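Only one structure is covered here, and it is reproduced in the block below.
So this is what it looks like as structure tokens:
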């Protein structure tokens, strides 16, 4: 069965410093990987995805993520954090099988706190 | 462009009462989903629909029912609410493509069962 783990409940970083939010996954086939962000009292918003190709994918708001097949990881990164990046971040995985059903399995979420 | 709209946004129920959450999307998406979000547990899929007139169970379907009579609407019902159903409920929708997986979410409905 597919699963995704976010080992950190919270990540604290100073504004201007680089940030990393960790995600590891488990699927039996090729993974489709996603990051979503949730701001307070809002729904989740799509940030970026990895389907195939370049292991480094770029997304919204300056975020990027690196797919590492050998480590089964898909860590979210940003070179310079902003206070406005403070939010709840979810990693999600979908098994890359054929068919149109887009069932995603979400991690528990990591709260990012960026301090001025 | 409204996207995905959920009503109501807040509701307080007593144990045993029933209620329906309404989700409406204006993006002509085929797929719609209901998730619940609980602290430390992320999002868990309750039910989903791959098209008008079809529904299927997700990870945590017990105690909930759904209907998709119109393509743009996906209703989540609680027939007899229990305190364990206190949660934030999110509706989402997506295109039919198997390659994107991008979901569009509503802003959530906070339900408290006393």
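Residue numbers (my numbering), protein chains in the order written: chain H, 1 to 116; chain E, 1001 to 1114. Idealized CB from N, CA, C, for every residue including glycine. Since we're looking at a predicted model, the values are computed, not measured.
If you check the CB distance, residue 85 (chain H) and residue 77 (chain H) do not come in under 8 Å. Counting every other CB atom within 10 Å of its CB across the protein chains shown gives residue 1094 (chain E) a total of 16 or more, marking it as buried. The beta carbons of residue 1086 (chain E) and residue 1068 (chain E) sit no closer together than 8 Å. Straight-line measurement puts the Cα of residue 109 (chain H) at about 14 Å from the Cα of residue 74 (chain H). Here DSSP, grouped into helix, strand and coil, assigns residue 1080 (chain E) to coil. In the structure shown, the three-state DSSP call for residue 86 (chain H) is coil. Within chain H, no C-beta atom comes nearer than 9 Å to that of residue 1052 (chain E); the closest sits roughly 15 Å away.
Less than 8 Å separates the beta-carbon of residue 72 (chain H) from that of residue 25 (chain H).
Close to residue 1107 (chain E), with beta-carbon spacing below 8 Å, are these residues of chain H in chain order: 41, 42 and 43.
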